[in-house]
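Below is one structure, written out as structure tokens; comments come after it.
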Amino acid sequence: MYDRYLGLIFDMDGTLLDTEPTHRYAWREVMRPHGIAVDDRAMAELNGAPAWRIAGMLLSGAQRDDLDPHALAAEKTALTRRLLLEGGDRTLRVRALPLVAVVKQWYGRRPMAVGTGSERGMAEALLRQCDLLHYFKAVVGADDVQRHKPEPDTFLRCAALMGVDPSRCVVFEDAEWGLQAAKAAGMAAIDVRRQ
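Numbered according to the working numbering, the sequence shown spans residues 2 to 196.
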């Protein structure tokens with residue numbers, strides 16, 4: 002089915018790994034002391050965005066300009082890291098999603114990369130925890146690019162690191178911003194929510 006593509010690029014959160022519930026929980030915990038409610042449906046529309054952008058949108062929606070979105074993003078990232086990676090016996094186990102079967106099927110046949118809105122260190126740690134990191138030639142995180150999804154930079158960097166022309170890549174995504182980024186990069190895109 003993917004024979005015509007020379008490179009496969011995967012989003013991580015909600016596409017390869019079931020981390021979204023933990024991310025939403027962390028946002029609720031970080032915003033609660035400031036009296037800001039976090040709506041899960043609204044958060045789903047922000048999937049793929051870097052944490053500072055999500056914080057900014059939450060603050061804008063609550064009409065709050067007295068808080069620093071970058072500080073809130075750092076707090077949320079630290080809490081997510083503790084929950085997913087550093088909690089000892091209480092570390093939440095991340096579950097791989099069914100799309101991992103595609104990764105295993107194409108391993109060694111096509112170069113593959115992960116392009117995520119998470120920081121690269123977090124992404125690599127989670128992929129390693131799930132014994133998936135070795136499948137990918139590159140992991141590009143939010144801290145690797147200046148412009149984030151829906152801009153094409155994340156996926157263009159993945160293609161460059163794989164050594165594949167962007168027009169010969171396919172992106173697997175679960176979020177509108179990621180699908181827009183793939184289109185802007187001149188890549189084919191598979192909306193995994195429809196699979």
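The beta carbon of each residue, even a glycine, is placed where N, CA and C say it ideally should be. All values derive from a computational prediction rather than experimental measurement.
- Query: Among 56, 113, 34, which has the Cα closest to the Cα of residue 138?
  - Reply: 113
- Taking Cβ to Cβ, would you say residue 141 is nearer than 8 Å to residue 20? no
- By how many angstroms is the C-alpha of residue 110 removed from the C-alpha of residue 51? 31 Å
- Task: Return the Cβ separation of residue 9 and residue 107 in integer angstroms, given the expectation that the two are a contact with Cβ distance under 8 Å.
- Result: 6 Å
- First through last residue of the alpha helix (DSSP H) which encompasses residue 67: No alpha helix (DSSP H) holds residue 67; DSSP gives it neither H nor E.
- Residue environment, residue 175, which counts as buried when at least 16 other CB atoms sit within 10 Å: buried
- Task: Taking residue 162 as part of the alpha helix (DSSP H), name the residues at either end of that continuous run.
- Result: 154 to 163
- Compute the distance between the beta-carbons of residue 73 and residue 58, then report whether it is under 8 Å. no
- Message: Is it buried or exposed, residue 66, if we count other Cβ atoms within 10 angstroms and call 16 or more buried?
- Response: exposed
- Assigned secondary structure, residue 174 (DSSP; H/G/I helix, E/B strand, else coil): strand
- Quick one: residues in its chain with C-beta nearer than 6 Å to the C-beta of residue 154, no 5 flanking neighbours on either side, listed in chain order? 146, 148
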